[in-house]
Amino acid sequence: MGDGFRDEARESAARLRATLDAALDAVITMDHEGRVVDFNPAAERIFGYSFDEVVGREMAELIVPPSLRERHRSGLARYLDERASEVLGRRIEIIGMRRDGSEFPVELTITRIPIEGPPLFTGHLRDITERLEMIDDLRASRARLVAAADAARRRLERDLHDGAQQRLVATALDLRLAREELEAGEPERAGELLAAVEDELMKATAELRELARGLHPAVLTRHGLALAVKTLAGRAPFPVEVSVDAGSRLPQPIEAAVYFVVAEALTNAARHAEASSAEIRILADGNDVAVAVSDDGRGGAELNGGSGLAGLRDRVAALGGEFGLTSEAGTGTEVRARLRNGADADGRGA
Amino acid sequence: MPSNVLIVDDHPGFRASARRLLASHGYEIVGEAASGKEALEAVRSLEPQLVLLDVGLPDADGIELARALSERHPEARVVVVSSRDREEVEPLLDGAGAAGFIPKAELSASALRDLLD
């Protein structure tokens, strides 16, 4: 019977050991004097020490940055004194230190092991450098999207004010004058004014139509991507080859994103790249849509902060898609995007 | 009643309409300016009795310009115009020395007379 118990105990211990060995998180156990009692392989990997190098040494000296050591030591002392702690039993974000002295952000939980005698503490730690970087990127991307939307609104206000609004004001004045000329018995002068009014109104209408198209093209909403893209291609100042293979309609935000990728790429090709031809390829199979716009211009396009291309990348990323740009100087530009029906901003779903 | 007019506005369409309107009511248009800089030049050289001044000029704040004109050329009366509405513009005119404000779409000889008399 004794043997059976010992075997079970040994197996159990071996399982627990294996669990710690296999854990991806660092698991470190510390005694009441702050010395390392246990240090699993993940801890070795994350902090750069071997078990033999750390066991029995003060943990604070090994993995706590110098600026935080006193806080660590006094925290431990306070716990031993008052049995109270701010850090036990919750996840905290803190800075850790590797063997080479480099510091990095860590997510940490510390629990006290409930055994008799002087307390032992176990910490589970993970390196959250990548997670924090992703959060920063996401925040920056969201801020850029908001800024882009605000900038677009301001542009719209200015375009409306400087364009159509001014024309309509001039029209009002001219109509007033035309009426006065009629009342003064000068139909010819009235006629001339009315002709000027007609001209201004045509121009105002054309401008409003352009503005509306820039906001959201009616042809996209009513007839879908293929026709809308062909219309864009037709308005370019150079020949554009279009190949759209799309079966059914896609969700509106995805169609809009693809449309604006094409619109922006063609605008850049005409305005900055001095291209003489371009090609648009769109392939949609109900779940995925991939778009590529390439031109034969002078390349060198960049994805910097406020550029239209950066705005496209943000828009595509917000829909859980992928954006790509190839633009070596002298060899033309290719703008690519791939969007998945139903994916959310983290690329999950569908 | 001031009769020599300088029209200041960066929109050629409005300048043309205003010119037609004022000329047909006996005003003499002595010049046009499309920016704050041109306006100051024109007031200095043409000595108009009335300046029709758009608030939204590309290189200057129309209100500031009105103030500068009323200080340097007090003999030229300034009437501010804008396609923005009264609520937005009139509060800005306090102390700027302008004779008043007319929304562009309401510009007429009688509106000017009412302001300047």
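Here the protein sequences come in this chain order: U and W.
The first sequence lines up with residues 8 to 357 when you count with our numbering.
The second sequence lines up with residues 4 to 120 when you count with our numbering.
Cβ coordinates follow ideal geometry from the N, Cα and C atoms, glycine included.
One or two residues paired with residue i in a DSSP bridge
i	result
F330 of chain U	U:A344
S301 of chain U	U:E286 and U:E341
F34 of chain W	Strictly speaking, residue 34 of chain W in this sequence is Gly, with Phe absent from that position. Its beta-bridge partners are W:L9.
L55 of chain W	W:I10 and W:V82
V247 of chain U	U:A285
T118 of chain U	U:T129
D295 of chain U	U:R347
I105 of chain W	W:V84
T36 of chain U	U:D45 and U:T129
R161 of chain U	In the DSSP output, where bridge partners are listed per residue, R161 of chain U has none listed.
L68 of chain W	Per DSSP, none; premise fails for L68 of chain W.
E65 of chain U	U:R42
I99 of chain U	U:L115
E110 of chain U	U:M104
D134 of chain U	U:V113
L60 of chain W	W:A63
A253 of chain U	U:A291
Test: residue i CB closer than 9 angstroms to a CB of chain W
i	result
R161 of chain U	no
R320 of chain U	no
D166 of chain U	no
A179 of chain U	yes
E187 of chain U	yes
E207 of chain U	yes
L184 of chain U	yes
L218 of chain U	no
L175 of chain U	yes
V172 of chain U	Checking the sequence shown, residue 172 of chain U turns out to be Gln, not Val. Yes, contact with chain W.
R355 of chain U	Confidence at R355 of chain U is low in this model, with a pLDDT of 48, below 50, so the placement of that residue should be treated as unreliable; the coordinate-derived value is given next. Cβ-Cβ to chain W under 9 angstroms: no for R355 of chain U.
L200 of chain U	yes
D292 of chain U	no
D144 of chain U	no
D252 of chain U	no
Cβ distance (whole Å) where residue i is taken to contact residue j below 8 angstroms
i	j	result
L115 of chain U	I101 of chain U	5 angstroms
R42 of chain U	E65 of chain U	6 angstroms
A276 of chain U	V251 of chain U	Incorrect: roughly 18 angstroms between the Cβ atoms, too far for contact.
V8 of chain W	V33 of chain W	7 angstroms
S73 of chain W	V81 of chain W	6 angstroms
S92 of chain U	A324 of chain U	Wrong, their Cβ atoms sit about 41 angstroms apart, outside the cutoff.
A264 of chain U	R151 of chain U	Their Cβ separation, rounded to whole angstroms, is 15 angstroms, which puts A264 of chain U and R151 of chain U out of contact at 8 angstroms.
I2 of chain U	L95 of chain U	Coverage of chain U is limited to positions 8 through 357, which leaves residue 2 of chain U absent and any answer about it impossible.
A171 of chain U	L215 of chain U	5 angstroms
A63 of chain W	A101 of chain W	Rounded, the Cβ-Cβ distance is 14 angstroms, inconsistent with contact.
L273 of chain U	A285 of chain U	6 angstroms
Cβ-based neighbour list, residue i, same chain, cut-off 8 angstroms, excluding 5 preceding and 5 following
i	result
G231 of chain U	A253, R256 and E262
R355 of chain U	Reliability fails at R355 of chain U, whose pLDDT of 48 lies under 50, so the model's placement of it is uncertain and no value is given.
A71 of chain W	L43
Any C-beta of chain U under 9 angstroms from that of residue i
i	result
G65 of chain W	no
A71 of chain W	no
S111 of chain W	yes
L95 of chain W	no
R23 of chain W	yes
R116 of chain W	no
F104 of chain W	no
G29 of chain W	no
S20 of chain W	yes
G39 of chain W	no
H76 of chain W	no
A108 of chain W	yes
G98 of chain W	no
G59 of chain W	yes
G34 of chain W	no
S48 of chain W	no
S86 of chain W	yes
Spatial neighbours of residue i in its chain, beta-carbon cut-off 6 angstroms, leaving aside the 5 residues before and after
i	result
Y56 of chain U	R106
S85 of chain W	V58 and V92
G306 of chain U	S334, E335, A336, G337, T338, G339 and T340
R345 of chain U	A297, G328 and E329
T26 of chain U	none
Contacting residues, own chain, Cβ-Cβ under 7 angstroms from residue i (five flanking each side not counted)
i	result
V269 of chain U	V236, L239, I287, V298 and V300
R347 of chain U	N294, D295, G327, G328 and A357
I10 of chain W	R18, A21, R22, I32, E35 and L55
Short CB-CB distance (under 9 angstroms) between residue i and chain A
i	result
D169 of chain U	No chain A is present in this structure, whose protein chains are U and W.
- Could you tell me whether the segment 49–56 of chain W touches the segment 232–243 of chain U, using the rule of 3 or more Cβ pairs below 8 angstroms? Using a Cβ-Cβ distance cut-off of 8 angstroms, the segment 49–56 of chain W and the segment 232–243 of chain U are not in contact, since fewer than three pairs of beta carbons, one from each stretch, lie closer than that value.
- Indicate whether the contact test is met: 3 or more Cβ pairs, each with one atom in the segment 25–40 of chain U and one in the segment 128–137 of chain U, closer than 8 angstroms. yes
- Task: Report yes or no: do three or more beta-carbon pairs, one from the segment 171–190 of chain U and one from the segment 6–18 of chain W, lie closer than 8 angstroms?
- Result: yes
- Message: So, does the segment 31–49 of chain U touch the segment 59–69 of chain U, judging by three or more C-beta pairs under 8 angstroms?
- Response: yes
- Query: If we count Cβ pairs, one from each stretch, closer than 8 angstroms, do we get three or more for the segment 192–206 of chain U versus the segment 39–46 of chain W?
  - Reply: Contact between the segment 192–206 of chain U and the segment 39–46 of chain W is absent: fewer than three C-beta pairs spanning the two stretches fall below 8 angstroms.
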